[in-house]
Amino acid sequence: MTSRSAQPTGHPDRNQDSLDIANEPSTDTAAMRLEREMAANAEVIRTGIVTTEDRRRYIQNLNTDVHQAVLNPTQAQIKRWRRYLAEEISEAKIYAALADRAEGKEAEILREVALAEIRHQNHWRALLGKHADPEPRPSISSKFLYLLAKNFGSVFVLALAQRAEQRSPYAEDPDATEAMAADEAIHEEIIRALSTSGREKLSGNFRAAVFGANDGLVSNVALIMGIGASGASQQMVLLSGIAGLLAGALSMAAGEYVSVRSQREMLDASSPTQVTLSVADQLDIDRNELELIYKARGMSEEAAHHRALERFGYLDCDCDPSLSWRDPAEDPDDERNNAALGTDIGASAASFCFFASGALIPILPFIFGASGMLGIVLSLIFVSVALGFTGGIVGLLSGASPFKRGLRQIAIGMGAALVTYLLGLAFGTSVS
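According to our numbering, the sequence shown holds residues 1010 to 1441 in order.
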């Protein structure tokens, strides 16, 4: 099997340093190790390339029956390895920047992932040898992602990083070790898990905002396409668009408020109350109707009887607290439900504002005086850009391809506009 421990170095004594680091006590945190490794890599870059002897020794360690590293790479290999090195350098910096903005366990996990990316860097530096100098430049997208991670740090950056880990070519590349391919697969799951909590926090009000904007875009562009195709004047198209904006935004806000409020009320109605504690001492022990409550909550007959004895004071334990009343302020499940739903007022306001902002885009050309076919074409262009953006955001947060989700959203919006445009032509006159 491929050696996991062999790592390229910038100096002959780095291997011993790596062993010393591995044997240090557990108080050596990921942050400390990451700082040392990044400083060591900076020293390698400052002083020059990986030494020839270190490179030869590392490649010998890699050579097995299933992996044959090369001492004299082709130009295609050098180009590919430099691209991999640039990606690993960028990813280590991105994860380190995210860790600086995170706290507690999440920060420690991100630093460990950054350390793994530095190990991958060292692999490509060893294979490249003198060809690693000068250090390859990161791509524009990597620079942008690092800027976001350093200054903001958000679920969007984690989602983009997850997409990058999904696209890792190491599993098919014979020049990457099995350990590196396995690392990348694990990194995807780690980033997926870290981004889950962020997605949950955004899923309530953010869901209402994004889908409100999409509804506004699609409904209003379809409306003005139909009105415009019927031969109506620019003023009539604009008036129809404004009316559609207000009617749709108010309808969305009211619907979202009722929806979220109803779900909250349903959750509240489904939660156990404290009645079993407050009336237990007045109940008839022989009839023991208290057991019926616990049976209705899903307990077996034996468990219900046991819980009733607890409430009557015959037993001291609370053996199955999962079906008991819990203070919502201290209930993590209740907090997760609240995060997923969002607040009723917040979801309603978000739906109104984002539907209105989406519905405003199709009528912008008509607000500034465009009419006829010119207004329609400009409206379609503006709406397509906006739909591509919102679709990409939804795809990013859901872990799907932002490009494909954006195209799908554009196709849906343009399909709806085409239908109403054809109806407008059928029931009116052609656009002048």
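Don't be surprised by glycine CBs; every beta carbon is placed ideally from N, CA and C.
query, result
"Residue nearest to L1203 in terms of C-alpha spacing, selected from A1170, I1370, S1099", "A1170"
"Cβ neighbour criterion (16 or more within 10 Å) applied to I1390", "exposed"
"Whether A1123 touches A1101 by CB criterion (8 angstroms)", "yes"
"DSSP state of F1161 mapped onto helix, strand, coil", "coil"
"Secondary structure of M1423, DSSP reduced to three states", "helix"
"Segment limits, alpha helix (DSSP H) that includes P1178", "P1178 -> no alpha helix (DSSP H), and no H or E assigned at all."
"The segment 1179-1188 touching the segment 1110-1122, judged by at least three CB pairs closer than 8 angstroms", "no"
"Whether I1376 touches N1229 by CB criterion (8 angstroms)", "no"
"Within 8 angstroms, strictly: CB atoms of L1405 and I1419", "no"
"The alpha helix (DSSP H) enclosing N1081, as first and last residue numbers", "Segment: none, N1081 is in no alpha helix (DSSP H) and carries neither H nor E."
"The segment 1377-1386 / the segment 1230-1243 touching (three or more Cβ pairs under 8 angstroms)", "yes"
"Proximity of S1099 and Y1179 at Cβ, strictly below 8 angstroms", "no"
"Segment contact, 8 angstroms Cβ cut-off, at least three pairs: the segment 1349-1369 with the segment 1264-1272", "yes"
"Q1086 versus A1135 - alpha carbon distance", "13 angstroms"
"Counted within 10 angstroms of its Cβ, other Cβ atoms place A1252 as buried (16 or more) or exposed", "exposed"
"As assigned by DSSP and simplified to three states, the class of R1270", "helix"
"Check whether G1367 and G1225 have beta carbons under 8 angstroms apart", "yes"
"DSSP state of R1146 mapped onto helix, strand, coil", "coil"
"E1198 and S1177 closer than 8 angstroms at C-beta", "no"
"Outcome for N1223 when other beta-carbon atoms lying within 10 angstroms are tallied against a minimum of 16", "buried"
"Buried or exposed (CB count within 10 angstroms, at least 16 for buried), A1435", "exposed"
"Helix, strand or coil at V1428 according to DSSP, with G and I counted as helix", "helix"
"Supposed close pair W1133, Y1104 - CB separation, criterion 8 angstroms", "Incorrect: roughly 17 angstroms between the Cβ atoms, too far for contact."
"Reduced DSSP secondary structure (H/G/I, E/B, other) of F1377", "coil"
"Local conformation of T1186 per DSSP, three classes", "coil"
"Backbone secondary structure at K1088 - three-state DSSP", "helix"
"Burial state of F1364, where buried means 16 or more other Cβ atoms lie within 10 Å", "buried"
"Span of the alpha helix (DSSP H), counted from its first residue to its last, around E1126", "1113-1137"
"Of the residues A1111, A1095, G1113, the one placed nearest S1150, counting alpha carbons only", "A1095"
"Option nearest L1232 by Cα separation, candidates A1256, P1411, F1412, R1414", "A1256"
"N1200 to L1167 span [Cα, whole Å]", "The question names Asn, but residue 1200 is Ile in the sequence shown. One C-alpha to the other measures close to 6 angstroms."
"Option nearest F1161 by Cα separation, candidates H1196, L1137, A1106", "A1106"
"Where M1275 falls, given that 16 or more other Cβ within 10 Å makes a residue buried", "exposed"
"Whole-number beta carbon distance between H1196 and T1181, since they are thought to touch under 8 angstroms", "According to the sequence provided, residue 1181 is Glu. The question's Thr does not apply to it. Wrong, their Cβ atoms sit about 17 angstroms apart, outside the cutoff."
"T1205 - DSSP class collapsed to helix/strand/coil", "helix"
"Buried or exposed by the 16-neighbour rule on C-beta atoms within 10 Å, applied to D1342", "Note on D1342: pLDDT 48, under 50, position unreliable in the model; the coordinate value appears next. Answer is exposed; the Cβ neighbour count stays below 16."
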